[in-house]
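Heads up, the thing below is written out as C-alpha cells.
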Amino acid sequence: MSGLILEEIDKNFGSVIAVQDVSLHLPHGRFVCFLGPSGCGKTTLLRLIAGLEKPSRGSIMLDGEVITHQPAHQRNFGMVFQSLALFPHLTVGENIAYSLRVRKVGKTARRQRIEELLNLVRLSGFTDRHISQLSGGQRQRVAMARALAIEPRLFLLDEPLSALDAKLREDMQVELRMLQQRLKVTTVLVTHDQREAMTMSDLVVVMGTDNRVHQVGSPLEIYRNPLDTFVADFIGTSNLLEGFFSGSQKITIGDRRLIVEDLPENLSPGTPVTVSVRPEDIHVLPGIEEGDNRLPGQVSFIRDVGSSVEVYLDCAGLQVISQSTPKGRPAVKQGEEATAFLPAAACAVLRS
Ligand SMILES: Nc1ncnc2c1ncn2[C@@H]1O[C@H](COP(=O)(O)OP(=O)(O)OP(=O)(O)O)[C@@H](O)[C@H]1O
Ligand SMILES: [Mg+2]
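Here our numbering = 1-based position in the sequence shown + 17.
As C-alpha cells, then:
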C-alpha cells in the first residue's frame, strides 16, 4: 500500500507511556493534522515518523518499504520544529544552503534552488538578510523553505505557528495549505488548536490523554460523527447529555425522551449513553413545550458576540447551550421560560 503506514506503535520513556497502540494509514499527498491536548504524544509520534525516536513496539512503512530502523538522515523528510531552529547569525540564503550543502548540491544549482524556494514562500529578494532582521512570520517561511529545500518525501511540522499572533497565524495557515496543495507533498502538522486542524487538514488524527488515537477522519466527519465523548468534547463545543438507551430509537434523559436517528451497534436497553448535540443544531422555542426531543427550562444567559448569539438554558438543572446567527436569534429574553428542541438527526449517541 502506498503512503505512510504505522502499525501498532508504542513508545515508552522508562515508565512513561508517550504513545500507545497507534495504527494509521496516511495516504500520499494529503495534509494530516495530529490534534490533541498537551502531553498526548503528538510530538513523540512525529519524531517516531521522522526517525528521531525508535518505537518500543510496532513498525513504520513508507510506500511498502519498512523504515522503522532507518536513520533520520536517510529518510529524506523535511521537518520544521516549534523553535524553528534557524541559525540566527547566518543569512536567509545561508540557512537554506545549509541543507543543500549537506546533500552535496553544487554552488550554482544551490543558488538557483534558493531563489526558487524563496519565491515559493514569498520571500524573493531576502537571500542576504540576516535571520535577526526578520519578523516572526518571515522566519517561519525561511524554516519552511529550508525544510522543503531537499524535496522531502514527507513534510513534518511540529506546532510551527504557535508563536505567531492570531492574525498572522491565520494568514500563515492559509499560505501553508496553499503551498502544500501546490507541491502535493504529504504533510503532517502537529497542533493542539482544533480550529487550525479543522481548517487545514484533509485528515485529522485526534489523540487523547490516554496517549491513544481516538478517531481518524475528515474534519467534517470528526465534527459531525465523533466516535466518543472525548472527541465530541475536544472538537468544538458540544452539549453532552447523560442518559440511557430505552429501546428502539429512544434515549431517556432524566424524565425526558429523545427520539434519535442513529445508534451505536449492539446497544441493549438500559445501557448508559451520552448524547452529543452541537449548539448550532439546537432550536430555542419561546415558552414551555412538552413532548419528545424537548427540554423545557429557563433562559439563564444570552451571549451576543456579533457574528453569533448563544442562548444558555437551564433545563431542570441541565445546562444546554444553543447557538444561532443574529438573523435566527430566538425570541427569548434572560429569565424567561423557553424550550430547547433537539432534532433527532442532530443527536449523536455515544457509549458513556
Ligand atoms: N524524552 C522524553 N523522556 C521522558 N518522557 C518524555 C520524553 N518525551 C516525551 N515524554 C513524555 O511523553 C508524553 C508525550 O509527550 P509529547 O511531547 O509527545 O506530547 P505532546 O502531545 O507533543 O504535548 P505538547 O502539546 O505539550 O507539545 C508526555 O507525558 C511527556 O512528558
Ligand atoms: Mg509537542
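The C-beta atom is built at its ideal place from N, Cα and C for all residues, glycine as well. What you are looking at is a predicted structure, and each value in this text was computed from that prediction instead of being measured.
Quiz item: For Q232, which of G20, E25, L41, V33 has the nearest alpha-carbon?
Solution: L41
Quiz item: For ligand 2, is there a heavy atom less than 8 Å away from the beta-carbon of E70?
Solution: no
Exercise. Quick one: give me the first and last residue of the alpha helix (DSSP H) that K124 is part of.
Key: 124 to 137
Quiz item: With C-beta atoms as the reference, is L178 less than 9 Å away from R186?
Solution: yes
Practice problem: Name the residue from L52, F30, L43, V248 whose alpha carbon lies nearest to the alpha carbon of E213. | Solution: L52
Practice problem: Compute the minimum distance between the beta carbon of F30 and the heavy atoms of ligand 1, and state whether it is under 8 Å. | Solution: yes
Practice problem: Whole angstroms is fine: what's the gap from D175's alpha carbon to S100's? | Solution: 9 Å
Practice problem: Assign S32 to one of two classes, buried (16 or more other C-beta atoms within 10 Å of its C-beta) or exposed (fewer than that). | Solution: exposed
Quiz prompt | Neighbourhood of F94 by C-beta distance below 7 Å, restricted to the same chain and skipping five residues each side | solution = A67, P169, R170, L171, L173
Quiz item: Going by DSSP, what residues sit across from E259 in a beta bridge?
Solution: T291
Quiz item: Would you call the CB atoms of I131 and L117 closer than 9 Å?
Solution: yes
Practice problem: Spell out the partners DSSP gives K267 in its beta bridges. | Solution: I276
Quiz item: For the alpha helix (DSSP H) that contains Q155, what are its first and last residues?
Solution: 153 to 165
Exercise. Identify, in the order they occur along the chain, each residue of the same chain with its Cβ nearer than 7 Å to the Cβ of D38, setting aside the five sequence neighbours on each side.
Key: E25, D27, R229
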